[in-house]
Structure formats: C-alpha cells, structure tokens
Amino acid sequence: MAHRDDLRNVAIVAHVDHGKTTLVDAMLWQTGAFRANQEVATRVMDSSDLEREKGITILAKNTAVRYGDVTINILDTPGHADFGGEVERSLFMADGVALLVDASEGPLPQTRFVLSKALSHGLPVVLVVNKVDRPDARVAEVVDEVYALFIELDADESQIEFPIVYCNAKAGQASLDPNVPGVDLKPLFDVLLEYIPPPVYDEAHPMQALVTNLDASPYLGRLALCRVHHGTIRKGEQVAWCRADGTIERARVSELFLTQALDRVPADEAGPGDLIAVAGLPEVTIGDTLADINDPRPLSVLSVDEPSMSVTIGTNTSPLAGRDGSKLTARMLFARLEQELVGNVSLRVLPTERPDTWEVQGRGELQLAILVETMRREGFELTVGRPQVVIREIDGKRHEPVERLMIDVPEEHIGAITQLLASRKGRLQDVANHSHGWARMTYLVPTRGLIGIRTQLMTETRGTAILHQIFEGWEPWQGVIKTRTNGSLVADRSGITTTFALMSLQERGQLLVGPGEDVYEGAVIGEHQRADDLDVNPTKEKKLTNIRSSTADELVRLDAYRALSLDEALELVNEDECVEVTPTRVRVRKVELSQTGRVRNARRERVKA
Ligand SMILES: Nc1nc2c(ncn2[C@@H]2O[C@H](COP(=O)(O)OP(=O)(O)OP(=O)(O)O)[C@@H](O)[C@H]2O)c(=O)[nH]1
Ligand SMILES: [Mg+2]
C-alpha cells in the first residue's frame, strides 16, 4: 500500500463548547491563512446566521491549512448531541481524530459518543486537553477520566496509548507538558503529523470517491463533497455514479475543487485522501460513490444512527394564518422538507393522516427546532406538533429511546434532583464529586422523561444545574410518565388582548402574551397554576364610567409576561397543544381550537380510559 505523506485528514471532535471551532481559528491564523491585518470573525467556521446567533456549530465543515510541506484537512464538527449525524459523517473522511476535552468539565456525554464512534472506525486519537487557562482547570483528573472512558469503551491497547497535548485554544497555545504553558500551536501540529496516519491507498485500485456531504453553489448547483479513496479524479472526465439503490450511471465532473483555508479553489485533478467538491451531478446524494467508468466499484453505503425524536410539521391552520409569511402551501412545505432530507442523512420525513402535515424524525429537540427556525426565516408559516419520541418494534415489543443524562449541581440540590428524576423514571448510574461542593450525577432516563425537564431543573436548583444528555439506546416501553404539571390558560374568543383583562388573569398563572396581541379561540395565553386548563377572556375591556375609581390604575401593574422562544414553546406544549410558527411570531395553541370540540375530546378520552 502507498501513502500520501503530504496530506493528513483529521476530525476535531468533542462535547459542545469545549473549544473546537476556537482551536480551528488559531490553527488557521498560525498557518498564515489570513493576512496580518485581515478582518476575520472569531469562530470563523461557524458561518451561518443561526450558528453565529446560538454560538454553536450546527454543520460539520472542512478547512485546509499548510504546515511545512503537509496539507492538513481539518474537519470541524458540532458538539451538540442532536447533530451527532454530522460527526459520524465526518469520520468517514478522517484518518484520525483530535479529541478535545475541557480541562475543567472533563469528558461529558458527547465526548463519550464521539470517542466511541472514532474507536469503532478504528481511528487513532490525539487527546487535546483544552482551556488549561481556566482557573478551575483540573488537568490531571481530567486525563484520568479520559483513560477511564477509553477502558469503559473497550479500546484496545494501541488506542489507549494516545498522546496528550495541553491547549489554550483561545490564546493559540499548545504544550506537551501540563506544567509548562505553551507559546504557539507548533507542538499540536507536530503531534498531529506524527500520530495521525497519512491517507493509505492501493496504486492499482481503480478510482473511488465517497460522497459524504452536500453543498450548493449559486452558479454550479449541487456540489458533492467527497473523499477520494483510491485513484485520481479529473475535471472534465466521465465517472461512474454509483447510487445507493445499486444503479450506476455515467456522469461528467464539470468542476472540481480542493479546499484552501476557507476557500474552494478549482483544481484539475485530485488524488487519494483529498477532500473534494464536485459539480456536475445535480441529483447526487450522500452515500453515493463516484468511481472509475471502466471498473466501477461502489463503496458500502454509509450508515448513521437512527432518529429518536419526532415532531409533526404542517401548514399553518390557525385563524391568523397568512398574515406574516410568504410560504403557506402544503406543496411548498413538502418540497422544502424533501430538500432538507437530501443534505441531512439523520432526518426522516413520513406522511401523516393529514395531507398538509408531515412527521419529521431527527436526533433531538434542538435539531428539529433548528429546522423549524431555518424555515420560518425563509418565510414559512407552520404548525409544529409537540415533540414525541420515536417508538420502535424490536422483537415484537414496543421500545423507546433512552438517554444518558449527566447533571452537575451543588450538593445541596442532590435531593431535589433525585426526586425529579425518579418521577421521570430515571435510573441513577453514578454520583461523583468532582470539585468543591459539586456533584456530577449520571442517569439513564427514557427520552420521554426529559421533555421539558430543563425549565423544571433550573427552578429546582435556582439556575445552577448544568445538564448534558445523549442518546444511549432502546429499551422496552416504561409506562406512563407525567412531565408537565400545569394546565393552560386558553383564550375563549378572538380579539386583541387588553391590559385590563391580563391584569386579573395574571393571578391565575404565568402569562405568555402581553397586551395588544392578536388571539383567537383556542390560543394558549398562559400557564395555569393548576393542572387543568381554564378558558378565559383576555380581551375584556374596562367599562368606561365617569367616576374615577379610588384605586388609581397606576397602582396595579401588569407583571412581565414570558415571551416564548421557539425552543421554549416546543418544551412547554401539552399533549393536546401545538405551536404556530410564523416569521415573526411563536404562539402556543390547542390542536382542537373550539372549546366545545375540546370538551367532547376530553369526554371521549375519559370513556376510553
Ligand atoms: N478560557 C478558555 N476559553 C476557551 C478556550 N477555547 C475556547 N474557549 C471558549 O469556549 C467557548 C466555546 O468555544 P467554541 O470554539 O465555540 O466551542 P466548540 O467546541 O466549537 O462548540 P460547538 O461547536 O458548539 O460544539 C467560547 O466562548 C470560547 O471562547 C480556551 O482555551 N480557554
Ligand atoms: Mg464549534
């Protein structure tokens, strides 16, 4: 076998916020990707609007830097569990990984996930302990925890002998000695060159390139992002396009690009190990192989984990539909969902009983919320159902997804957490004290039990709890879990909310709308203090009289209402509720809007039970 000594492909993987994108910034700067006076945004790889707003990476992206005579392709991956599909796909392009671990937080659930995936791909690991500058860094302990994690995941001996680099990604410093602060990233680059193997290929093997991602260019249409495994692919040449369904077609490579820093640069050819973008195949999808036209050999189709959460997404059916958005029809909605599927292998779209509604399955609430958020910004008006877990039949039995949950809390809250998790069928796996007065509790909990848990945990622990969760596996259905204890305050007519009406309603619970807002029968305007729903009139006007009342208006103040973000609305909705999403508004509403209809449904439910 031959190898490309001038090339390395390394994926940077870690739990969310451990500093991957920041490290890539420093790697770009120190390899001269930018001019000294160039204006470059921090975390430049997080280039989409949503990524910048939320401060997290959503899509995996690659960049390339030159270090000496070697080109290093760096794959920056998202750390949030919901985007695990992106990480899995990136590993198909890499020959090794840099596993980042925060020097204070240590390994967390997503660290475990990405490491287990890297190990199952047989990829060598370089451990990067990052944020060593944190005042609460506990470097030695964290390294021990990583060793323990390797052992737990059944790593073999060669995998466990990983090199360790200590980093301050923000300052762009790396060191091989935990007690000596670094100067620049040279030690990291040197370790990567030494431990990440160069791409290996067979000189006699016909050309083979695997499509692992897609992108679009306004001029060239769809771009297939591939890793070349063997042979050489050339611009202008015919290739065999091997599709996932087994068919093979001819196609022409009309354009070919390699990556340099943040740019795609045209190239005439690319060889084994190169990460390329190819134009000329308008219908190519992830998992396809581009191969030698005379000897096509498809690579095995890449598989990623199955989705575990779902929501229904339909057209907006509320009485206020059409006021805000430009994309309203079921046809537009379906076309948009299909387009999303092409670029996102971890999503599924299924039909429902209604012709204007689809079930979208994904990895988690955030992934689904991001999709809805993206669509509303494009002008869609939507009705989004309550997030549900995906149920699977395994050996004839109903199974549901189970999540691994890690909670960091001050010790005095251990009792509250224990109670809360018990009510949601959590099984305690481990309690560890990792720094003064703080405990890290690990649970396995049915995913169902986690819906809406964040808000409740924050209240119980006065905002101190930090939680991390990740899909663990499938388990037999665990019976009824009750998650939300509050009913809703529901508008009983349409109109415009008034300060006068809201003032008296605020005693009944937390309001979700302010004065002067449009409501309709069936719109949820607040959380009821009690468990049942209450139909109320939020549009009542004050009777005008000539007599000034003794309690002056200014004395009674309207408390702040809680304006819901999309994520919060999706956490909050009860079983018979859904969320109306338009480019400017997020409203919670009843699925059945009419009061009489709801009463009838409730009676029917009672009869069934
Ligand atoms: N103190 C300190 N902060 C750091 C360091 N590296 C990154 N950070 C900070 O950590 C936060 C998260 O950094 P990101 O680079 O976005 O982390 P990430 O791993 O790319 O996050 P995701 O892509 O969302 O998983 C930012 O506020 C960084 O400024 C470091 O070495 N020291
Ligand atoms: Mg990132």
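Every letter in the sequence shown is one number past the one before it in my numbering, and letter 518, counting from 1, is 599.
Note that the Cβ used here is the ideal one computed from N, Cα and C, for glycine as well.
query: Looking at the unbroken alpha helix (DSSP H) that takes in Leu653, where does it start and where does it end?; result: Leu647 to Leu653
query: Is the closest heavy atom of ligand 2 to the C-beta of Gly127 under 7 Å?; result: Residue 127 is actually Asp in this sequence, not Gly. For ligand 2, at least one heavy atom lies less than 7 Å from the Cβ of Asp127.
query: Cutting at 8 Å between CB atoms, please list the residues of its own chain near Asp225, excluding the five before and the five after it.; result: none
query: Can you list, in chain order, the residues of its chain with a C-beta nearer than 8 Å to that of Arg684? Leave out the 5 residues immediately preceding and following it.; result: none
query: Short check: CB of Cys323 to CB of Leu104, under 8 Å?; result: no
query: List the endpoints of the continuous beta strand (DSSP E) containing Ile329.; result: Ile329 to Arg333
query: Quick check on Gln254: does DSSP put it in helix, strand or coil?; result: strand
query: If Ala612 sits next to Gly568, beta carbons under 8 Å apart, how far is it from one beta carbon to the other, in whole angstroms?; result: 5 Å
query: How close, in whole Å, do the beta carbons of Lys101 and Asp157 come, if the pair is a contact with beta carbons under 8 Å?; result: 6 Å
query: Cutting at 7 Å between CB atoms, please list the residues of its own chain near Leu339, excluding the five before and the five after it.; result: Val346, Ala348, Ala351, Asp355 and Ile357
query: So Asp87 packs on Asp150, CB below 8 Å; how close in whole Å?; result: 6 Å
query: Give me the pocket residues for ligand 2, defined as CB within less than 5 Å of any heavy atom, sorted by chain position.; result: Lys101, Thr102 and Thr138
query: Could you spell out where the alpha helix (DSSP H) holding Ser201 opens and where it closes?; result: Pro190 to Ser201
query: Where does Leu586 fall in DSSP's three states?; result: helix
query: Where Ala122 and Gln254 are concerned, what is the direct C-alpha to C-alpha distance, given to the nearest angstrom?; result: 19 Å
query: Sort Ala114, Arg670 and Arg643 by Cα distance to Asp344 and report the nearest one.; result: Ala114
query: Ordered along the chain, which non-local residues of its own chain (more than five positions away) have a Cβ less than 7 Å from that of Ala297?; result: Arg303 and Leu304
query: So for Val490, helix, strand or coil by DSSP?; result: strand
query: Leu486 and Ile394 - do their beta-carbons sit closer together than 8 Å?; result: no
query: Exposed or buried, which one is Pro432 when buried takes at least 16 other CB atoms within 10 Å?; result: exposed
query: Taking Ala450 as part of the alpha helix (DSSP H), name the residues at either end of that continuous run.; result: Glu446 to Arg458
query: Within 7 Å: the Cβ of Asn143 and any heavy atom of ligand 1?; result: no
query: Given 8 Å as the limit, is there contact between the stretch 490 to 497 and the stretch 196 to 209, that is, 3 or more CB pairs closer than that?; result: no
query: Who are Ala572's beta bridge partners in DSSP?; result: Val617
query: Got a sec: does ligand 1 put a non-hydrogen atom nearer than 7 Å to the Cβ of Arg684?; result: no
query: Ligand 1 and His99: does any heavy atom of the ligand fall closer than 7 Å to the residue's C-beta?; result: yes
query: Taking Val261 as the reference, give the member of Leu274, Val213, Tyr148 and Asp217 with the closest Cα.; result: Val213
query: If you draw a straight line from the alpha carbon of Gly263 to that of Ile534, how long is it in whole angstroms?; result: 41 Å
query: Figure out for me which residue from Met522, His310, Pro188 and Asn655 has the closest Cα to the Cα of Gly466.; result: Asn655
query: Consult DSSP for Leu104 and reduce its assignment to one of helix, strand or coil.; result: helix
query: Please state whether DSSP places Gly149 in a helix, a strand or coil.; result: coil
query: Using the Cα positions of Pro353 and Arg308, report the straight-line distance between them to the nearest angstrom.; result: 8 Å
query: For Trp439, write down the residues that DSSP places opposite it in a beta bridge.; result: Ile394 and Pro432
query: For Gln550, which residues does DSSP report across the bridge?; result: Leu486
query: Taking the continuous alpha helix (DSSP H) assigned at Asp283, which residues delimit it?; result: Run containing Asp283: none; DSSP gives neither H nor E here.
query: Could I get the ranges of all uninterrupted alpha helix (DSSP H) runs contained in the stretch 129 to 176, with 4 residues as the minimum, in chain order?; result: 130 to 135 and 165 to 172
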